[in-house]
Structure formats: C-alpha cells, structure tokens
Ligand SMILES: Cc1ncc(C[n+]2csc(CCOP(=O)(O)OP(=O)(O)O)c2C)c(N)n1
Ligand SMILES: [Mg+2]
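In my numbering, the protein residues as written are 3 to 343.
Spelled out as structure tokens, the structure:
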C-alpha cells in the first residue's frame, strides 16, 4: 500500500551544515530533546504499569523539532500547543515536577490537577494554552499576539499544530488575519504526515502544505524539522521577523511520529517501510552524532543524559507522592457563566 507520503532517509536526518550556532545553544537543544525523550519513555512505562491512567499522545520522533524551535524563544514568549504537546511544553521550560504532577492529576500540578494532560498551562514558562480541539490554538495565538502588538511588549507567540489541523477553518481564518494585521505570531505545522490514522495525501488536496501560505500572502518556510540546524535557522529567522514588526511566518516542519496517534495504537496503517525508514533516521541520535562530529565531547553529552535521568526520577516520584486536589477545589478556578433559566 502506498500512502503517497515521501520516504525519509537516514542521510536527511541532519543534512544541513551547522551555521554559527553557539555551543551553549547546541547543548541546550540536546538537553531539551533528551529531556523529552526520557520523559516520554517514562510516561510509557508508568502508563503500561498502571501507575498513570491517562490517554497519551507520544511526541516520540518529534523531539528535535521542538527542542530547536524553543531554543530561539525567550521564557516570556508565548506558546500555544496541542494534546501531542509534552515536547513543546518541556522544551519551552515548564519545570518537570509541575508537568508530571499535572499529568497525574495532582494538586501540585500546573493547573492544580484540574486541567490534566490535555490542558497543560503554565504562564510563568509562557505556555498559555494546550488544547485538544484540532486547529483551535491558531486564533487564540492571534489573540495573544494582538495583545503583545497593542502593548508593545516585544513578545512573540508560537503556535504548534499538526498537518491535519491545516484542513480546519480556523487555520485559514487565523493565517489570513495574522497577515493583515502583521501579528508577531509564528504558525508551526509539525507535519508528521498523519492525522490520526489518515495519511496526509488522503486528507489534503495540496501536495505541499507550505503552498497554503501563498494564498494568504504570508511568509512560508518548509524545513526538515528533524534537522536541528535547519529548524533552528528557520525559527530564528521567523522570530526576528516577528520581533521586528514584520509579521507572521508559517513554518511547515517535516517530521514523523514513531508511536502512532496515541499510546496503544499499533500503527498498522503505516507501511512498514515508511516506519522503518523514519526510525532509521531517528533525529535525536543523529543530532548527538552531529554534535560529536563537530567536536563536542561525548562525556559532556553523557553528563547531560545522567542529569536528565535524575530529573525525571525526581519528577515522577514527586507526581506519585503529591496529593489529589481537595473536593472543595472543584468549583474554584472555573469560569462561571451566569445562565438565566
Ligand atoms: C475539531 C476537532 N476535530 C476532530 C478531532 C479529533 N482528532 C483528534 S486528533 C486528530 C488528528 C489531528 O492530526 P494532526 O493535526 O496532524 O495532529 P497530530 O495528532 O498528528 O499531531 C483528530 C482528527 C478533534 N480533536 N478536534
Ligand atoms: Mg499529524
């Protein structure tokens, strides 16, 4: 069966040359991507063992994309993301303990355990909204960007979404409005080639999603999101553009998800050759090799790995040990609508 999707090759994993990215930024990308990878593995383990009872949408395979993207932002910049969002949330800087506690529904979580994995929000890290409604993040991101524009606070808003989201009306309305008002917003389509179980070619007339930018006169960039150097360069340019008041950018970042739509999905609808090719080009080990080839000592990377392992051990235990919210909390922090009956 052919899905019409392009096949990834190992060579394409880290194709671009390192432009002058400082070592601390390169290591920051590695640190973020490793944090995502280790957290993802631990989530899978704890869900399989029954320690956590949640629906889990793994970002495995998309770590480098987020790590490189978020390395171009300030903590105060805004992020809007989706249910498949732990890579974005961790890379943006939500403290591990708070993220884990929220996933476990505990009172110590980012939303006091009342939001759960679908609604991770942590304004102190700039993570303003996580939504399970496909495409819903884009107009919200426009609102945040409009506020920044009006207040002149210099912040940039990034909104992440999938390929499937580009078929939702809100995507088109948001792209159009952002360009008309030259909003400081960056639309990042994490194109993993599938929306639930449907390949892009079976749900989308346009062969290349990047072509959609043309229809709105918006600056469009297509990039290999699994290549940290290319992704960092594309994101840095879009951030500079937004901060300079020159308006939005649509980035189509090509990537792949290794574990299907949600944990438990056997990915039977993905041709084995397509999955095998993507896994052979696993972006995080490829990035690690690229760093070593550029002279970064293995011992430095090993030390980061060890540090991350300890951080995740601590965060997982913190989540397990924390209390559930009190019953009296149930009506607090909820938007109340007065409805006349
Ligand atoms: C408005 C809306 N329609 C349908 C769904 C059901 N749904 C959940 S995830 C998903 C696929 C989205 O695919 P994509 O945007 O490519 O994101 P990915 O899961 O690949 O990251 C769909 C259709 C939904 N949550 N919201
Ligand atoms: Mg998708």
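Even glycine gets a Cβ: it sits at the ideal position worked out from N, Cα and C.
Between residue 120 and residue 82, the beta carbon gap of about 13 Å keeps them out of contact (Cβ cut-off 8 Å). In the DSSP assignment, residue 74 falls outside any alpha helix (DSSP H), carrying neither H nor E. Those residues that have a beta carbon less than 6 Å away from any non-hydrogen atom of ligand 2 are, in order along the chain, 164, 165, 166, 194, 196, 197. At the C-beta level, residue 58 and residue 49 come within 8 Å of one another. Shown here, residue 322 sits in a helix according to DSSP, grouped into three states. By the C-beta density criterion, residue 26 is exposed, having fewer than 16 other C-beta atoms within 10 angstroms. For a cut-off of 8 Å, the C-beta gap from residue 112 to residue 96 is around 6 Å, short enough to register as a contact. Within the same chain, Cβ atoms closer than 6 Å to the Cβ of residue 70 are found at 31, 230, 233, 234, the five residues on either side in sequence being excluded.
Cβ contact annotation for residue 271 (same chain, cutoff 7 Å, sequence separation greater than five): 199, in chain order. Looking at the DSSP output, residue 189 sits in a beta bridge with 161, 252. Within the segment 72-155, the runs of alpha helix (DSSP H) that reach at least 4 residues and sit entirely inside it are, in chain order, 88-94, 98-105, 139-153. Taking the C-beta atoms as reference points, residue 128 is found no nearer than 8 Å to residue 53. The straight-line gap separating the alpha-carbon atoms of residue 176 and residue 191 is approximately 13 Å. Within 10 angstroms of the beta-carbon of residue 64 lie 16 or more other beta-carbons, which makes it buried. As summarised for the segment 217-274, the continuous beta strand (DSSP E) elements at least 3 residues long and confined to that stretch are 221-226, 251-256, given in chain order. With respect to the 8 Å criterion, residue 189 and residue 258 are not classified as neighbours on the basis of their beta carbons. Put simply, of 319, 328, 338 the residue whose alpha carbon is nearest the alpha carbon of residue 105 is 319. With a cutoff of 8 Å on beta-carbon distance, residue 255 and residue 193 are scored as near each other.
If you ignore the 5 residues before and after residue 143, its C-beta comes within less than 6 Å of the C-beta of 82, 159, 161, 187, all in its own chain and listed in chain order. Annotation: residue 245 to residue 268 spans about 43 Å, alpha carbon to alpha carbon.
Nearest neighbour of residue 134 by Cα position, chosen from 98, 103, 88, turns out to be 88. Around the beta carbon of residue 61, 16 or more other beta carbons lie within 10 angstroms, which makes this residue buried. Apart from sequence neighbours up to five positions away, the residues of its chain that approach residue 99 with a beta-carbon distance below 8 Å are 110, 316, 317, 320, 321, ordered along the chain.
When secondary structure is reduced to three states using DSSP, residue 200 falls in the strand class. The nearest non-hydrogen atom of ligand 1 is 7 Å or more from the C-beta of residue 214. In the structure shown, residue 47 adopts helical secondary structure according to DSSP, grouped into three states.
Take the alpha-carbon of residue 84 and the one of residue 265: they are about 16 Å apart. Ranking 168, 212, 217 by CA distance to the CA of residue 182 puts 217 first. With fewer than 16 neighbouring CB atoms inside 10 Å of its own CB, residue 326 falls in the exposed class.
Taking 8 Å as the upper bound for CB-CB distance, residue 35 and residue 289 are in contact here, some 7 Å apart. Short note on residue 192: C-beta closer than 7 Å to some heavy atom of ligand 1. Non-local beta-carbon contacts of residue 72 in its own chain, meaning distances under 6 Å to residues more than five positions away in sequence, involve 93, 94 in chain order.
At a cut-off of 7 Å, the beta-carbon of residue 118 does not count as near ligand 1: no heavy atom of the ligand is closer than that.
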